[in-house]
Amino acid sequence: MTVIDTAPRKSPDAFRTISEVAADLDVPQHVLRFWESKFSQIRPLKRGGGRRYYRPEDVDLLRGVRALLYKDGYTIKGVQKVFKDQGVRFIVETGRGVGEASVAGLARAAVETMGDDVPASASASRALEEADESDEELREALTAIAKRLRTLKTEIDRGLSGEPEDF
């Protein structure tokens, strides 16, 4: 027996309750409230008794936060940094699926920022260009960059602490 959803569909511009948004994003309501406490940019309207109403742009923003946390593996602090560095629009676009190309752009910008200070930046840039062909290739390139950055950080930490280098 097939169950037919007979609930009337809301207009795309209609406000949503926390239960509707939680169901749409497949996250518990308490997670949405937690995100509100961690990301000041998430500001649903609150009515009598603290009842929350989310505007369509709030839902898009939450969808972007969810994608960064659950799909892209960011931490809360990482998403806060993305808010600070890239702004709300980037996160909204990520939630709408437009951000896939932007993630590669963000990684490219990080590599370009390293400039000549990092000898591997040229090869990392080439790896990122080739990685545009598939998400898996992009993930591998970003992993290699992260590994190189961790190695450089270790070398810097050793230099600052006066530890002898291993050759």
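Residue 102 in my numbering sits at position 81 of the sequence shown, and the numbers go up by one each step. Don't be surprised by glycine CBs; every beta carbon is placed ideally from N, CA and C.
Bridge-paired residues (DSSP) for residue i
| i | result |
| --- | --- |
| Y74 | T38 and L66 |
Residue j beta carbon less than 9 Å from that of residue i
| i | j | result |
| --- | --- | --- |
| V109 | L83 | no |
| P77 | D34 | yes |
| R37 | Y95 | no |
| Q50 | S40 | yes |
Neighbour-count burial assignment, residue i, 16 or more Cβ in a 10 Å radius
| i | result |
| --- | --- |
| G116 | buried |
| A162 | buried |
| F104 | buried |
| R177 | Per the sequence shown, the amino acid found at residue 177 is Ile instead of Arg. It is exposed - the Cβ of I177 has fewer than 16 other Cβ atoms within 10 Å. |
| F111 | buried |
| A167 | exposed |
| D45 | exposed |
| P65 | buried |
| L181 | exposed |
Local conformation of residue i per DSSP, three classes
| i | result |
| --- | --- |
| T96 | coil |
| S182 | helix |
| S32 | coil |
| V48 | coil |
| S58 | helix |
| G116 | helix |
| G85 | helix |
| A122 | Note that A122 scores a pLDDT of 44, beneath 50, so its modelled location is shaky and nothing firm can be said. |
Anticipated Cβ contact below 8 Å, residue i with residue j, distance rounded
| i | j | result |
| --- | --- | --- |
| F60 | V80 | With a Cβ gap of about 14 Å, F60 and V80 do not count as contacting. |
Chain D within 9 Å of residue i, Cβ atoms only
| i | result |
| --- | --- |
| Y74 | Of the protein chains in this structure there is only one, and it is not chain D. |
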